[in-house]
Structures are given as structure tokens and as C-alpha cells.
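Using the numbering used here, read the sequence shown as starting at 50 and increasing by one per residue.
Notes for the one structure printed next.
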Amino acid sequence: MDDINLHYRFLNWRRRIREIREVRAVRYRDRWRNMFREGDILRYHGDSDEVGCFVAARPLSKKRRYFEVTVNDTGVRGMIAVGLVPQSHNLEHQPGWLPHSVAFHADDGKLYNGSTVGQQFGAKCCRGDKIGCGISFDSDDGQITVFFTKNGEEIGSVEIPASPDDLYPAVGMHSLGEEVVLDLNAEWRVEDDDGQMIVDSHEEDWSRLHDIKVTGTLLEYTGKGKSIVDVGLAQACRPLNSRFHYYELEITDAGEMCYIALGLARKDYPKDKHPGWNKGSIAYHADDGKLFHGSGVGDPFGPRCFEGDIMGCGIMFPRDFNIDGGDDLDDWDFEVASRPSEVQNNLYANNDEEEGEDLEGRKVMVFFTRNGKVVGKREVSLPPSGFYPTIGMMSTGEKVRVELHPLSG
Numbered sequence: 050m051d052d053i054n055l056h057y058r059f060l061n062w063r064r065r066i067r068e069i070r071e072v073r074a075v076r077y078r079d080r081w082r083n084m085f086r087e088g089d090i091l092r093y094h095g096d097s098d099e100v101g102c103f104v105a106a107r108p109l110s111k112k113r114r115y116f117e118v119t120v121n122d123t124g125v126r127g128m129i130a131v132g133l134v135p136q137s138h139n140l141e142h143q144p145g146w147l148p149h150s151v152a153f154h155a156d157d158g159k160l161y162n163g164s165t166v167g168q169q170f171g172a173k174c175c176r177g178d179k180i181g182c183g184i185s186f187d188s189d190d191g192q193i194t195v196f197f198t199k200n201g202e203e204i205g206s207v208e209i210p211a212s213p214d215d216l217y218p219a220v221g222m223h224s225l226g227e228e229v230v231l232d233l234n235a236e237w238r239v240e241d242d243d244g245q246m247i248v249d250s251h252e253e254d255w256s257r258l259h260d261i262k263v264t265g266t267l268l269e270y271t272g273k274g275k276s277i278v279d280v281g282l283a284q285a286c287r288p289l290n291s292r293f294h295y296y297e298l299e300i301t302d303a304g305e306m307c308y309i310a311l312g313l314a315r316k317d318y319p320k321d322k323h324p325g326w327n328k329g330s331i332a333y334h335a336d337d338g339k340l341f342h343g344s345g346v347g348d349p350f351g352p353r354c355f356e357g358d359i360m361g362c363g364i365m366f367p368r369d370f371n372i373d374g375g376d377d378l379d380d381w382d383f384e385v386a387s388r389p390s391e392v393q394n395n396l397y398a399n400n401d402e403e404e405g406e407d408l409e410g411r412k413v414m415v416f417f418t419r420n421g422k423v424v425g426k427r428e429v430s431l432p433p434s435g436f437y438p439t440i441g442m443m444s445t446g447e448k449v450r451v452e453l454h455p456l457s458g
């Protein structure tokens, strides 16, 4: 009798093991539709009216927090999406379109977070670009931080209410000729003594941060945003010079009031004052389009700026300008360095009188741009320590993405 019972127990155990293996085989199986897969290569295989979608077999985890794709070919429209979806994601829809999914789309540089309407997030991607996606476990409020990268630099991040056990790497495509190389074992982490992942925050680019959080190139206002004393300030480590004479920001979230200011300030500028309000500073303010130059009263200057707009600020240094003998101005060419030709052609279009308090120093021409076109310029005195890129924010929800060297190639 004991032998018979043992035999049946063995059969039950073996059947149970087979069932578990079958369940795991279904659960841990890559899924794709309207795609051709050859090793790590994914290629769109539809008629451009249908979405192609790939979902990896296993979700991200503490041991495998990140993955990447390399764009081999953008095809007809470059509608490639990289992100995270639940296991049950409908393969007829791009990652990011459906609830509980999030993705960065290469064709428009937008982030889609459970919606078919995206938010401006980063630059468009081209052939040869590497797009990455990963998660951080440093949140204890039930939120997961999902971050995205492009060519080894973090684009930005978003917090979503999800369990890491249900965030599966996904790739979407939607036009003929699109092709990527998938790397599910890509690395993106530096471990501290506790083994926690640390993503490069770019904080070393900024010498002063007051009520502003840095995540990659994204600056986010963290102050109270209730009065004019609640200014958030970010000041770069290095002043503009003849080689790096221009920088930009993109308004990724205008927040409640879009009290965002882009400008230049002296090194010891007060941390609780908007750029442009105090002497030794000049700034273009997004909310009213005014130029503030060492005064709390601004002058009409240009159009207001909104979410998605790119604001720029630079200095046109004299040809004989030299900081500490460190720059050879013979090698500097404004026309070569500047991206939009209007920056050079329209720099002296306006000849306004200088206003506002200033520090003693050599005169330089400061100019501002909006979406690649020069808004205007102002001649100012350069502080002895130089002019440092300085950004101010003052209302809840404001976020900007900053490129300190957008013209450096």
C-alpha cells in the first residue's frame, strides 16, 4: 500500500512540475506582432496601418533594471517607441498609448504615459541613436521612477504607480523599414556601498541649486511657489566664454504660472532672487516676455514663452576678448558656432539704450533667442568673475531641460 501511495504521489508531483513548466513557458515568452525577429534585431513587418509591437518575456527587476535599443533604420516615418508595458499589453497599440504603459517615442521626442497624447520630453531620434529605459527603486510611496536615456545621457524621468513585477521592456514600430537592435542586458548603473543604483544626475554642472532638483538635464522646481520669495535658482559652475558662449532651455512643463527666467548673473547672485531682478544679472522672463536687467521692473522685449518653447541666451564677445588668457579667439567663429543663422544676422537689429543697475566691467552684447530666432539683445557690463548661466523658477510644477553647450557639436 505504501508503495502504491508513493507511486501516485510521484505521478502527482510530476504532473504538477509539468504544469508549472507549461505556465512558465507561457509567462516567460517574448511576444511580438507585425515584426520580424532575427536574434537581437527587430524589424517592422506590417503595412504601416498596423502597429508592430514587441514585449519581452521577463519584467525589469533589481538585477536587471535597464535595457536599450539601437536605431538601425528609421524607415519611412521613424515611429519607434521604447518603454515599459504590463505583460498583458495589447500588441495592436504602441507602448505608452494604453493605461499602465509608458514610452519615449523617437519620431516626435514625446513621452506617452498611458495616453495617445504625448508630452514634449526630449529630442527626436535618428539612425544610429541609442535609446534606453530603466527603473529606480528609491521611492517608498508605491511609485516607480522610470527614466529614459539617449546616447548615454539621461533624457528625464517620470514617476508612475506600478509594481516593478509588471513593467516589461517593450518596443513599438509603425512604418516600413524601421529596424532596431535590442539589448535586454544593457548596463546603466553605478553602485554605492549599499548596492543601490545611482544614475548620473549632472549635478556637477551646477554650482548652486536652491529649491531645484536635477535629474539628468532636467531641472524641476521644488519650492513652495506661494510668493516672490519662493524663487528656485540654478547657476552653472562655469561662466560663458568665447568658446561656450550660448545655452538653451526647453520648457517641458510650464507649471501653474510659467514663472521661468533664463539669463546670466554674477557668481555671488542672491539665491532667492529671480535672474534679472538684482544688479549683475540680466534675464528674459517666459511669463510676460519682458527683459529684466538689474531691476524688479522689466521692459517689453519679446513674446511670452510656453510649454515646448526653447529659450536661449548667449554673449557675443569682442574679437579681442580673453578670459585669463585661456581662449584663443582666432579659433572662434560665431557663424560656425551658432546653430540658427538669425543669431548672427539679427544680433544688432535693435539698438536699445542700456537700462538697469550693472557692475563695472567690459561691455559685451547679450542676446536672447526663442525657438531658434533672436528676440533681441542688450549691451551690458561683464562682471569681473564673468556671467554664469542662471535659471529661475517660481511656481509649482515647472520643469525645464537645459543644454549648457548646445552648439559644441
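Beta carbons are placed, not taken as given, at the ideal position from N, Cα and C, and that holds for glycine.
For clarity, every value in this text was computed on a predicted model and none was experimentally measured.
Look up residue i in the DSSP assignment and give the residues it is bridged to.
i	result
residue 449	268, 300
residue 162	151
residue 118	180, 231
residue 195	184, 207
residue 80	104
residue 429	413
residue 131	153, 220
residue 257	284
residue 341	332
residue 87	90
residue 295	363
residue 423	418
residue 168	160
residue 202	199
residue 98	Its beta-bridge partners do not exist; DSSP assigns none.
Residue i: which of the options sits nearest, CA to CA?
i	options	result
residue 343	349, 337, 332	332
residue 121	89, 114, 100	89
residue 415	428, 423, 424	428
residue 216	171, 145, 261	145
residue 262	448, 455, 454, 452	448
residue 362	143, 419, 133, 185	419
residue 80	269, 102, 123	102
residue 453	294, 304, 166	294
residue 357	301, 174, 173	301
residue 30	329, 269, 317	Residue coverage of the chain in this structure runs from 50 to 458, which leaves residue 30 outside it and unanswerable.
residue 354	370, 306, 85	306
residue 141	312, 177, 95, 109	95
residue 3	434, 112, 312, 351	The question about residue 3 has no answer here: the residues shown for the chain are numbered 50 through 458.
residue 108	320, 138, 423	138
residue 464	197, 434, 346, 328	No answer is possible for residue 464: it lies beyond the span of the chain, which begins at 50 and ends at 458.
residue 278	93, 91, 443	443
Which whole-angstrom value describes the C-beta separation of residue i and residue j, a residue pair presumed to lie in contact below a C-beta threshold of 8 Å?
i	j	result
residue 192	residue 202	Residue 192 to residue 202, Cβ: 24 Å. No contact.
residue 210	residue 182	Residue 210 to residue 182, Cβ: 18 Å. No contact.
residue 436	residue 310	14 Å between Cβ atoms; not a contact.
residue 297	residue 365	16 Å between Cβ atoms; not a contact.
residue 98	residue 128	Incorrect: roughly 12 Å between the Cβ atoms, too far for contact.
residue 411	residue 205	That belief does not hold up - the Cβ atoms of residue 411 and residue 205 are roughly 38 Å apart, past 8 Å.
residue 255	residue 285	6 Å
residue 221	residue 324	At roughly 41 Å, the Cβ-Cβ gap does not stay under 8 Å, so residue 221 and residue 324 are not in contact.
residue 118	residue 195	Not really, about 15 Å apart at Cβ, beyond 8 Å.
residue 308	residue 336	5 Å
residue 253	residue 115	With 8 Å as the limit, residue 253 and residue 115 do not qualify as a contact, their Cβ atoms being about 22 Å apart.
residue 170	residue 213	Wrong, their Cβ atoms sit about 21 Å apart, outside the cutoff.
residue 330	residue 439	7 Å
residue 180	residue 125	Residue 180 to residue 125, Cβ: 19 Å. No contact.
residue 280	residue 322	6 Å
residue 199	residue 174	7 Å
Could you have a look at residue i and say whether DSSP puts it in helix, strand or coil?
i	result
residue 356	coil
residue 406	In this predicted model, residue 406 has a pLDDT of only 43, less than 50, meaning its place in the structure is not dependable; the value taken from the coordinates is given anyway. Residue 406 falls in the coil class under three-state DSSP.
residue 438	strand
residue 213	helix
residue 317	coil
residue 263	strand
residue 324	coil
residue 109	coil
residue 249	In this prediction, residue 249 has a pLDDT of 47, which is less than 50 and means its spatial position is unreliable; nothing more can be read from the coordinates.
residue 310	strand
residue 369	coil
residue 141	coil
residue 279	coil
residue 349	strand
residue 388	Confidence at residue 388 is low in this model, with a pLDDT of 35, below 50, so the placement of that residue should be treated as unreliable; the coordinate-derived value is given next. Of the three classes helix, strand and coil, the one that applies to residue 388 here is coil, per DSSP.
When you measure from the CB of residue i to every non-hydrogen atom of the ligand ADP, does any distance come out below 8 Å?
i	result
residue 369	Questions concerning the ligand ADP fall outside what the structure shown contains, since it holds no ligand whatsoever.
**contact_flag[the stretch 258-273, the stretch 149-160] where n(CB pairs < 8 Å) is 3 or more** = Because the criterion of three Cβ pairs below 8 Å is not met, the stretch 258-273 and the stretch 149-160 do not touch.
**Message:** Measuring CB atoms only, is the stretch 158-167 touching the stretch 221-232, in the sense that at least three cross pairs come out at less than 8 Å?
**Reply:** By the Cβ test, the stretch 158-167 is not in contact with the stretch 221-232, since fewer than three Cβ pairs between them sit closer than 8 Å.
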